[in-house]
Amino acid sequence: MAIDTATGKEAPAEISSERVKDIFSTIAKKYERFNAISSFGAYKMWLAGMMKQAPISANDDVLDIAGGTGDVSFTVARAKHPRHIQCTDLVNEMLDVARAHYADGAADGVPVDFEVVDAQEIPYADASYDAITMAYGIRNMPDRPRALSEMYRVLKPGGSLVCLEFSTPPNAVWRALYNFYLKHLIPFWGGLITGDRDGFVYLSKSIKAFPNQQGLARMMEDAGFTDVTWKNYTGGIAAVHVAKKPE
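Numbered per full-length UniProt numbering, the sequence shown spans residues 1 to 247.
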């Protein structure tokens, strides 16, 4: 079932897909600056946590979904030195930034290829990747069950999906402060840094409408994944889920 990712309610997939393309193609060159400022640098800690949990080794072929400007791909390259990384995103302008970083040596010698891919229709063969990484991606996909099924399909048996996503702080006080931050400060910082305040109003709404940690784990299990675990960061503002495809 496709939804409007801003509300979580049923809607044609095109509404959300086109919105995401419009927003991220516009802000691509300023996206990294926004991430750094709006998270007060915490996103680096979240990426480091993601690497600690990611079962990726030197012989692995890694697929990075919603790879954007390459943050996750290049972090994987430097931390894990896999055989190859396929960095994909729905928005070519985001990948253009990643390509420029790659040309500057951001991958530490690890081969990385870049391709525009809709994760709800992955154009790769069954069982072709040892691991899949994804940060801030599944939340922007209108047909999440289909996307997770596609990721399951292209993973090799025994492979892992490692997903960093905004989530729900369990503590009520922290949750209330976070909701205030989402509603008021995310659009403020977004407008100030990129000039696209409306785009960040959407991002704020999409985070609020996204399932909590248990909800995302259930979606992964419904797609066939097992041994789903998660770890909270910054009081549950972000969480890293790891899910296995059975042997």
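We put the beta carbon where it would ideally sit given N, CA and C, even for glycine.
All values derive from a computational prediction rather than experimental measurement.
- Rounded to whole angstroms, the gap between the alpha carbons of residue 128 and residue 152 is 10 Å.
- According to the DSSP assignment, residue 165 belongs to the beta strand (DSSP E) that extends over 155 to 166.
- In the three-state DSSP reduction, residue 141 falls in the coil class, being neither helix nor strand.
- One thing to note: residue 64 has its Cβ no nearer than 8 Å to the Cβ of residue 26.
- Taking every protein chain shown into account, the CB of residue 169 has 16 or more other CB atoms within 10 angstroms, so this residue is buried.
- For a cut-off of 8 Å, the C-beta gap from residue 208 to residue 225 is around 25 Å, too long to register as a contact.
- Cα atoms of residue 161 and residue 82: separation of roughly 15 Å, rounded to the nearest angstrom.
- Just so you know, the alpha carbons of residue 145 and residue 240 end up roughly 18 Å apart.
- With contacts defined as CB atoms closer than 8 Å, residue 159 and residue 131 qualify as a contacting pair.
- Between the alpha carbons of residue 23 and residue 196 lies a gap of roughly 8 Å.
- Note on geometry: alpha-carbon atoms of residue 230 and residue 189 lie some 29 Å from one another.
- The criterion of a C-beta distance shorter than 8 Å is satisfied by residue 93 and residue 28.
- Under DSSP, the beta-bridge partners assigned to residue 63 are 86 and 132.
- Counting along the chain, the unbroken alpha helix (DSSP H) around residue 32 starts and ends at 31 to 38.
- Sequence-distant Cβ neighbours of residue 205 in its own chain, meaning closer than 6 Å and more than five residues away, are 6.
- Per the coordinates, the alpha-carbon of residue 51 lies some 11 Å from the alpha-carbon of residue 57.
- Per DSSP, residue 232 is one residue of the beta strand (DSSP E) stretching across 226 to 233.
- One Cα belongs to residue 181, the other to residue 102, and the distance between them is close to 33 Å.
- Straight through space, the alpha carbons of residue 76 and residue 242 are spaced by roughly 15 Å.
- At a Cβ-Cβ threshold of 8 Å, residue 136 and residue 164 count as neighbours.
- A residue is called buried once 16 or more other Cβ atoms fall within 10 Å of its Cβ, and residue 186 is buried on that count.
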